[in-house]
Structure formats: structure tokens, C-alpha cells
Amino acid sequence: MAEVRDVIIIGSGPAGFTAAIYAARANLAPLVIEGFGAGGQLMLTTDVENYPGFPDGVQGPDMLEMFRSQAKRFGAEMITADADRVDLSMRPFRVWVDDDEHRARSLIIATGATARWLGLPSEERLRGYGVSSCATCDGFFFKDQPVVVVGGGDSAAEEALFLARMASKVTLVHRRDELRASKIMADRLLAHELIEPRWNAVVEEAVGEGAVEAVRVRDVVTGEIEDIPAAAMFVAIGHDPTSGLFAGQIERDEGGYIVTDGTHTSVDGVFAAGDVQDMVYRQAVTAAGSGCMAAIDAERWLEEQTTSSQTLVAHEEG
Ligand code: NAP
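Right, dumping it as C-alpha cells:
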């Protein structure tokens with residue numbers, strides 16, 4: 086029978102590793118099941134310039150390696166594999182990696198989210214070279230240059246409005262002639278002089294060799310093909326939280342995000358941090374912050390469990 090740990094952390098980006106640093110320093114000897122794609126979305130980012138403490142910027146993968154080694158330094162144990170199955174129906178909670186069963190009194194879920202992509206080969210080839218899914222992360226690199234945003238929801242509107250502060254022009258490519266974004270965002274977007282919507286258009290390809298030079302679109306009504314000059318293409322067609330592993334065992338919203346109160350989930354003793362429970366901020370620094378909160382919440386919850394079981398024993402003995 087596997088030993089029962091105090092805490093298992095599933096997932097590795099900034100949320101998981103920060104939770105690991107705090108849990109390890111609280112003597113909870115955490116096990117981090119970091120996944121085959123350890124590190125998550127930051128592994129796909131080149132320069133991170135908005136994480137405090139790095140005035141000259143830092144490469145996403147380098148930052149993750151620093152988080153990871155900091156967690157290891159305090160004794161966090163890592164398994165570089167995916168959790169295949171969990172059982173949250175009773176305590177201790179159980180997590181399987183291949184056929185190995187791991188058990189813990191508390192669990193922190195930090196499995197993150199993945200940006201939806203269009204699925205074009207050119208998009209994949211130029212990712213990090215003008216193709217991005219995060220204007221907050223990469224917009225600054227395209228100061229005074231024309232850019233394209235793809236999508237018609239609140240994310241696309243938000244990205245376009247953010248980019249309009251620095252780009253020379255923003256073309257919003259949307260597959261219909263009506264936005265899905267909330268009215269206030271849509272109104273702001275349509276009123277902006279630097280933002281031009283390109284309705285009824287789908288992206289055929291990001292054009293360019295080493296960097297994006299244009300975005301080729303097809304008009305779905307006329308069939309006409311057009312190259313829109315652009316130094317970058319921001320794809321903002323939604324994110325999917327990585328929460329399928331917990332389906333049916335924990336409360337999730339209609340988008341699949343784990344529902345949290347602070348970092349507490351619907352299952353007592355299970356906490357969630359980072360993008361898997363946050364559709365609003367989705368930043369490395371906010372994920373790290375909520376990872377810290379989850380570890381502190383787990384520590385306090387474990388402490389309460391010990392105190393209440395000691396009180397129970399004292400009552401029974403008394
Ligand atoms: P979303 O609301 O699902 O919108 C996705 C957009 O991308 C839609 O316009 C959709 O087109 C388009 N799209 C999807 N797949 C596509 C494809 N393969 N090719 C081309 N276009 C495609 O996603 P979201 O904008 O990320 O928003 C998700 C949730 O977060 C929403 O509830 C939103 O309100 C919320 N959110 C809020 C804020 C805020 O309040 N500040 C900011 C961001 C997000 P169709 O319209 O044709 O389906």
C-alpha cells in the first residue's frame with residue numbers, strides 16, 4: 086500500500102511549482118505530478134517581460150526551470166508523467182500514474198489551460214515568431230507595427246484593445262459578421278480608430294518564413310483571398326482548462342473551469358490554483374500567487390484536520 090502523503094500537486098506551471106515551494110517549506114513533503122508536458126503554457130513562450138523581478142526579461146522555459154529547482158531545493162519530489170486517473174470520493178485521495186497508486190490527505194490541482202489554436206501548419210511553424218495567443222505577453226514586441234487578432238469573443242476584443250495601445254493598426258478577423266463579445270467590449274472595439282474588423286473571414290495561413298509578414302484570409306461569402314500585412318497574428322479563439330481528469334468528481338463550470346472559493350473546490354481537502362480555475366487573469370504571476378494561496382490553504386486545512394481529530398480523541402478518552 087502506498088504511503089499517505091500530506092499533499093500531492095497535480096500540474097507544474099507557475100501555480101504548481103509555487104504551491105510546491107510553499108508546501109515543501111511548510112514540511113509537507115509534496116509530490117508533484119508534473120505531467121509529460123511539464124511547465125505548461127510558459128514552455129511555449131519566448132521572452133517573459135512582465136514577471137516582476139526580471140527587469141531584463143526571462144525565457145519562459147528558463148523561468149520554469151528556476152521555479153522547479155527552487156521547489157526541489159526544499160525537498161519537493163517530482164514525477165515527470167501524467168496523472169491518468171484520480172479518486173476524490175474518499176480520503177485519502179488517490180492518484181494513479183500508469184499503474185502506480187499515490188495517496189494523499191490533500192490535493193492541489195494546477196493543471197492549467199491550453200489556448201485553442203486554428204490548427205494550421207503555418208501557425209505552428211511561426212508560433213513564437215509572430216504567432217501568439219497572448220497579447221499581454223507578446224504585444225510589446227510589435228510596437229508601431231500592424232497586427233491581426235483572430236476571434237470574436239471577449240478575449241479577442243480584449244486582445245485587440247490592448248494591442249491598439251501599441252500597434253500601428255489592429256485588424257480583427259472574425260468568421261461571422263457579428264461579435265460574440267459582450268456589448269460593452271464590442272462597442273469599445275468598434276469605436277476604436279486603430280481597430281478595423283474584417284468580417285466573414287477565416288485565416289488560411291500565416292505568411293512568412295522566419296517571421297510573420299502577413300495573414301492570408303478567405304472571405305467566406307465571396308471566396309476572395311486577401312493577404313493582410315501584419316507582423317503578428319494573435320489567436321484569441323478561447324482557452325480550454327485541463328480539467329477532464331476530474332470530470333464528475335468535482336464541480337466545474339460550463340467551460341470546464343474548476344469552481345473555487347478562494348482556492349477551495351467543491352471537495353473538502355482539494356484545492357485548485359492557476360489557469361484551471363481562472364478564466365479572467367491567466368498570467369504567470371497570478372497563477373504563481375494562487376499556487377501560494379492553495380499551499381497555505383492546504384496547510385491550514387491539514388492542521389485543522391489534525392486538531393479536530395486530536396480533540397475527538399481527547400473527548401473519547403475523557
Ligand atoms: P469565446 O467567448 O468562446 O469566443 C471565442 C471566439 O472565437 C468566438 O467569436 C468564436 O467564433 C471564435 N472561434 C472559435 N473557434 C474558432 C475557429 N476555429 N476559427 C475562427 N474563430 C473561432 O472565448 P473567449 O473570448 O476566450 O471567452 C471565454 C469566456 O471568458 C467568455 O465567457 C468571456 O466572456 C470570458 N472572458 C471575459 C473577459 C472579460 O470580461 N474581460 C475577457 C476574456 C474572456 P463564433 O462567435 O463564430 O463562435
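Just so it is clear: in the sequence shown, position 69 is 154 by the numbering used here, and no numbers are missing. Glycine included, every Cβ here is placed at the ideal spot set by N, Cα and C.
Helix, strand or coil: how does DSSP classify ALA200 here?
In the sequence shown, the residue the question calls residue 200 occupies position 115. The answer is strand: DSSP assigns ALA200 an E or B state.
Would you mind working out which of ALA200, PHE152, LEU387, SER191 sits nearest VAL171, comparing C-alpha positions?
Counting from 1 along the sequence shown, the entry for residue 171 is found at position 86. Taking only the C-alpha atoms, the option nearest VAL171 is SER191.
Specify which residues have a beta carbon nearer than 5 angstroms to any heavy atom of the ligand NAP, listing them in chain order.
Every residue passing the under-5 angstroms Cβ criterion appears here: GLY236, GLY237, GLY238, ASP239, SER240, GLU243, ARG260, ARG261, ARG265, ILE322, GLY323, MET364.
Are the Cβ atoms of ALA161 and GLU244 separated by less than 8 angstroms?
On the sequence shown, position 76 is the one that residue 161 refers to. On the sequence shown, position 159 is the one that residue 244 refers to. The answer is no: Cβ separation not under 8 angstroms.
Just curious, the alpha helix (DSSP H) that MET251 is in, first and last residue?
Within the sequence shown, the letter at position 166 stands for residue 251. Where MET251 is concerned, there is no enclosing alpha helix (DSSP H), given that its DSSP letter is neither H nor E.
What does DSSP give as the partner residues of SER174 in its beta bridges?
The count along the sequence shown starts at 1 and reaches residue 174 at position 89. Answer by DSSP bridge pairing: none, since SER174 is not bridged.
Opposing strand residues paired with PRO231 [DSSP bridges]
Here residue 231 corresponds to residue number 146 of the sequence shown, with the count starting at 1. According to DSSP, PRO231 bridges with LYS254.
Let's see if you can read the secondary structure: which residues bound the alpha helix (DSSP H) around SER154?
If you number the sequence shown from 1, residue 154 lands on position 69. Start and end: 145-158.
Please work out which residues of its chain come closer than 6 angstroms, Cβ to Cβ, to HIS277, disregarding the five sequence neighbours upstream and downstream, and give them in chain order.
Taking the first residue of the sequence shown as position 1, residue 277 is located at position 192. The beta carbon of HIS277 lies closer than 6 angstroms to those of ALA249 in the same chain, with the five residues before and after it left out.
Please tell me whether ALA266 and GLY238 are closer than 8 angstroms, where the distance is taken between their beta carbons.
In the sequence shown, counting from the first residue as 1, residue 266 sits at position 181. In the sequence shown, counting from the first residue as 1, residue 238 sits at position 153. Yes, these two residues count as a Cβ contact at 8 angstroms.
Boundaries of the beta strand (DSSP E) in which ILE94 is found, first to last residue
Translated into the one-based positions of the sequence shown, residue 94 becomes position 9. Segment 89-95, the beta strand (DSSP E) holding ILE94.
Would you say VAL352 and ILE193 are within 8 angstroms of each other, going by their C-beta atoms?
Translated into the one-based positions of the sequence shown, residue 352 becomes position 267. Translated into the one-based positions of the sequence shown, residue 193 becomes position 108. No, the Cβ-Cβ distance between VAL352 and ILE193 is not below 8 angstroms.
Pick from ARG212, SER207, ARG201 that is closest to TRP241, judged by C-alpha positions:
As a first step, residue 241 is located in the sequence shown; it is residue number 156 there, counting from the start. Residue identity differs from the one stated: residue 241 is Ala in this sequence, not Trp. Here the closest residue by C-alpha is ARG201.
Boundaries (first-last residue) of the alpha helix (DSSP H) holding PRO206
The residue given as residue 206 occupies position 121 in the sequence shown. 206-210 is the extent of the alpha helix (DSSP H) around PRO206.
Compute the Euclidean distance between the alpha carbons of ARG385 and THR348, then round it to the nearest angstrom.
Reading the sequence shown from its first residue, position 300 is the one you call residue 385. Reading the sequence shown from its first residue, position 263 is the one you call residue 348. Their backbone Cα atoms lie some 12 angstroms apart in a straight line.
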